[in-house]
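*Asks:* In the UniProt record's numbering, the protein residues as written are 1 to 184. Ideal Cβ placement from N, Cα and C applies to all residues, glycine included. The structure that follows is given in the form of structure tokens.
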């Protein structure tokens with residue numbers, strides 16, 4: 001029997017807890033996830049939760065593909081290696097889940113990415129990606145100093161282009177992003 005399934009679509013000896021996302025089953029190692037997150041510890045093992053009693057939980061309002069991407073990021077692969085490469089593309093999704101699912105080690109890694117990568121002079125993310133990074137970092141209550149690193153990057157962009165990037169965002173985001181970039 002294969003021990004690892006990179007799609008998490010099959011129950012294995014270790015992956016017995018079922019997450020239902022967009023009506024599709026994802027099987028995870030509840031013990032491993034409980035070690036990473038108080039969210040999963042409660043969801044999978046607190047007897048006051050029906051999910052813990054049933055060995056399955058539905059995750060609503062999240063995309064199946066993004067949950068799979070998160071699991072590939074935080075769980076070991078078939079070679080028992082954890083591939084934790086944060087990029088401008090996966091940063092928003094990882095930040096969202098680190099906040100939602102209380103993945104504290106992941107949160108520290110994302111903060112470190114901002115401090116050590118985003119801050120670098122030669123770091124040049126796509127403008128759209130940077131805006132998404134800022135939105136998710138705002139939602140996750142990143143510290144003002146970390147937000148300023150991202151705002152400083154955004155401030156390098158022409159103000160009219162920033163306005164075009166944020167024109168369809170809800171006012172609270174658009175205003176905060178514009179004010180943040182204008183500080184620099």
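Tell me, please, whether the region 124–131 touches the region 97–107 by the rule of three or more beta-carbon pairs shorter than 8 Å.
*Replies:* Short answer: they don't touch.
*Asks:* Quick check: the Cα distance between residue 22 and residue 64, rounded to an integer number of angstroms?
*Replies:* Taking the first residue of the chain shown as 1, we reach residue 22 at position 22. Taking the first residue of the chain shown as 1, we reach residue 64 at position 64. Cα-Cα distance, rounded: 6 Å.
*Asks:* What residues are listed by DSSP as bridge partners for residue 17?
*Replies:* Looking up residue 17 in the chain shown gives position 17. Residue 17 pairs with 28.
*Asks:* Just curious, the beta strand (DSSP E) that residue 59 is in, first and last residue?
*Replies:* Counted from its first residue, the chain shown places residue 59 at position 59. Looking at the DSSP string, the run of the beta strand (DSSP E) that includes residue 59 is 56–59.
*Asks:* Could you tell me which of 9, 67, 180 sits nearest to residue 196, measuring between CA atoms?
*Replies:* In the structure as shown, the chain starts at 1 and stops at 184, and residue 196 therefore has no counterpart that could be examined.
*Asks:* Considering Cα atoms alone, identify which of 164, 157, 170 is closest to residue 186.
*Replies:* The question about residue 186 has no answer, for the chain in this structure spans 1 to 184.
*Asks:* For the alpha helix (DSSP H) holding residue 153, just list the boundary residues, first then last.
*Replies:* Indexing the chain shown from 1 puts residue 153 at position 153. Per DSSP, residue 153 belongs to the alpha helix (DSSP H) from 144–154.
*Asks:* My understanding is that residue 8 touches residue 70, with C-beta atoms under 8 Å, so please give their C-beta distance in whole angstroms.
*Replies:* Position 8 of the chain shown, counting from 1, holds the residue named residue 8. Position 70 of the chain shown, counting from 1, holds the residue named residue 70. So it is not a contact: roughly 10 Å between Cβ atoms.
*Asks:* If we require 4 or more residues per run, which alpha helix (DSSP H) segments fall completely within the region 69–153?
*Replies:* Those alpha helix (DSSP H) runs which fall completely within the region 69–153 and span 4+ residues are 91–100, 104–113, 127–139.
*Asks:* Tell me the residue span of the alpha helix (DSSP H) that contains residue 159.
*Replies:* The sequence position of residue 159 within the chain shown is 159, counting from 1. Where residue 159 is concerned, the enclosing alpha helix (DSSP H) stretches over 159–166.
*Asks:* At a cut-off of 8 Å, would you count residue 41 as near the ligand HEM, judging by its Cβ distance to the nearest heavy atom?
*Replies:* For the ligand HEM, the structure offers nothing, since it holds no ligand at all.
*Asks:* How big is the Cα-Cα spacing for residue 15 and residue 33?
*Replies:* Taking the first residue of the chain shown as position 1, residue 15 is located at position 15. Taking the first residue of the chain shown as position 1, residue 33 is located at position 33. Approximately 10 Å between the Cα atoms of the pair.
*Asks:* Going by the CB atoms, is the gap between residue 113 and residue 97 shorter than 9 Å?
*Replies:* Position 97 of the chain shown holds residue 97. Position 113 of the chain shown holds residue 113. Cβ atoms of residue 97 and residue 113: not closer than 9 Å.
*Asks:* Give the DSSP-derived three-state secondary structure of residue 169 in the structure shown.
*Replies:* One-based indexing of the chain shown puts residue 169 at position 169. Residue state, collapsed to three classes: coil.
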